[in-house]
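Numbering (numbering that gives the first Met the number 0), first residue to last: 0 to 255.
Glycine is no exception: its CB is placed at the ideal position from the N, C-alpha and C atoms.
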Amino acid sequence: MYRRPIFAANWKMNKGPSETQDFVKSFLQKITDRPSADIVIAAPFLCLPTLSESLREAGGIEMAAQNCSQFDDGAYTGEISVKMLREVLVRHVIIGHSERRSIFGETNAIINAKLKKAREVNLKLIFCIGETLEERNAGQLESILSSQITEGLAGLTTDDLDHTVIAYEPVWAIGTGVTATAQQAQDAHAYVRSVVASIYGDDIAQKIRIQYGGSVKPNNAAELMACPDIDGALIGGASLEPQSFSDIIHNGCAPA
Ligand code: 13P
């Protein structure tokens with residue numbers, strides 16, 4: 000089945016509004032041919048209005064937030080609600096990133112609450128999962144991925160899954176320069192798809208897009224994207240430069 004590739008930049012805690020403007024100006028000049036892929040930029044909350052304004056003329060590039068609150072509104076100092084995100088025209092939200100899990104203590108239950116809250120306002124989900132090196136070495140890859148998926152997606156409907164992208168990001172490959180081999184990534188993606196099939200059936204599993212994330216660079220994008228179950232990339236460090244982000248998209252979309 001054809002699945003349109005989706006490339007998402009996750010800037011993490013990098014760039015302010017003026018750098019956001021500079022990035023977009025330069026990126027749009029590099030991506031004029033518009034490969035047939037979805038392109039998403041996940042900027043810090045503070046940059047989203049600027050990003051929206053800068054992308055308005057160009058069209059076709061969507062915005063994501065990197066997190067959201069699991070609560071509606073009220074006394075939650077420092078948090079950002081899903082309704083606020085909608086108001087500034089955000090379309091996607093990254094939930095469950097390993098940095099949120101490990102640094103900010105987000106459990107599968109919290110992630111599940113956030114995923115559900117985001118769907119209440121029709122945000123599209125970029126749901127991140129992935130194992131640590133210790134878990135992989137202990138032979139727990141499948142059990143970790145399976146529980147992250149089962150507990151993370153508990154209670155989400157097939158319609159919700161139609162608006163979900165799963166990002167498989169092995170923790171040991173994030174920001175380390177160590178990429179999973181194409182075979183390791185393909186095996187994990189095939190497994191993730193099989194877990195989705197066991198919960199939601201084959202149709203949904205065949206349709207859902209699964210991104211790979213973890214040290215994706217211009218020189219490894221083509222090989223990763225050539226794998227049958229890899230449908231795009233979630234890119235950290237290499238998405239901070241317009242040239243490398245656009246090279247990843249072009250190389251990832253080039254025929255293998
Ligand atoms: P790097 O591309 O910097 O390894 O980060 C990956 C990531 O965490 C994207 O969400």
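Taking the straight line between their C-alpha atoms, what separation do you get for residue i and residue j?
| i | j | result |
| --- | --- | --- |
| N136 | D230 | 26 Å |
| V87 | S51 | 8 Å |
| A253 | A221 | 7 Å |
| D37 | G251 | 12 Å |
| G212 | E133 | 18 Å |
| Y1 | G104 | 36 Å |
| S197 | Q242 | 40 Å |
| G151 | A108 | 7 Å |
| T106 | D21 | 36 Å |
| A189 | L233 | 17 Å |
| N9 | I40 | 6 Å |
| T171 | A181 | For the sequence presented, residue 171 should be read as Trp rather than Thr. Whole-angstrom Cα-Cα distance: 15 Å. |
| A117 | V81 | 6 Å |
| D161 | T175 | 32 Å |
Over what stretch of residues does the beta strand (DSSP E) that includes residue i continue unbroken?
| i | result |
| --- | --- |
| C127 | K123 to I128 |
| V92 | H91 to I94 |
| V194 | Segment A181 to Y199 is the alpha helix (DSSP H) holding V194; no beta strand (DSSP E) there. |
| V23 | Here V23 belongs to no beta strand (DSSP E); instead the alpha helix (DSSP H) covers P16 to K29. |
| M224 | Segment A220 to M224 is the alpha helix (DSSP H) holding M224; no beta strand (DSSP E) there. |
According to DSSP, residue i sits in a beta bridge with which residue or residues?
| i | result |
| --- | --- |
| N9 | A41 |
| R208 | V164 |
| L233 | A7 and G212 |
| E105 | Answer is none; E105 lacks a bridge partner. |
| I60 | I38 |
Which word fits residue i, buried or exposed, when buried means at least 16 other C-beta atoms lie within 10 angstroms of its C-beta?
| i | result |
| --- | --- |
| I173 | buried |
| V177 | exposed |
| N121 | exposed |
| P169 | buried |
| L45 | exposed |
Less than 8 Å between the CB atoms is what I'm expecting for residue i and residue j, so what's the real figure, rounded?
| i | j | result |
| --- | --- | --- |
| K11 | G235 | 6 Å |
| I247 | P217 | 5 Å |
| P4 | M224 | 7 Å |
| F126 | T156 | Not quite, the Cβ-Cβ distance comes to about 14 Å (not below 8 Å), so this is no contact. |
| L140 | E130 | 5 Å |
| A63 | V89 | 7 Å |
Taking the alpha helix (DSSP H) that residue i falls in, what are its first and last residues?
| i | result |
| --- | --- |
| V81 | V81 to E86 |
| T49 | L47 to R55 |
| Q65 | No alpha helix (DSSP H) holds Q65; DSSP gives it neither H nor E. |
| Q139 | No alpha helix (DSSP H) holds Q139; DSSP gives it neither H nor E. |
| P241 | P241 to C252 |
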